[in-house]
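Visitor: First, the structure itself, so that you have it in front of you.
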């Protein structure tokens with residue numbers, strides 16, 4: 594599935610620190626759980642990418 598292909602898949606996203614000092618993105622959908630752990634520096638890079646993508650998306654919407 595590409596980034597521009599729409600999907601009817603529903604999922605929940607939780608974000609928070611772990612007891613090991615990592616940042617976890619926890620994705621939960623029908624019959625699947627995906628924990629993704631990142632060190633704090635990686636998490637900040639992801640946050641910057643999310644902000645930049647949001648800005649570009651706003652520009653597309655006009």
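In the working numbering, the protein residues as written are 594 to 655.
We treat Cβ as the ideally placed atom computed from N, Cα and C, and that holds for glycine.
Identify whether residue 596 lies in helix, strand or coil by the three-state DSSP scheme.
Guide: coil
Visitor: Hey, would you say residue 615 sits closer than 8 Å to residue 630, going by beta carbons?
Guide: yes
Visitor: Indicate the three-state DSSP secondary structure (helix, strand or coil) for residue 702 in the structure shown.
Guide: Residue 702 lies beyond the residue range present for the chain, which begins at 594 and ends at 655; the question has no answer from this structure.
Visitor: I need the straight-line Cα distance from residue 656 to residue 650, nearest angstrom please.
Guide: Lying before the first or after the last residue shown, residue 656 is absent from the chain, which here runs from 594 to 655.
Visitor: Suppose you measure from the CA of residue 619 to the CA of residue 652; what does that come to, to the nearest Å?
Guide: Rounded to whole angstroms, the separation of the alpha carbons of residue 652 and residue 619 is 29 Å.
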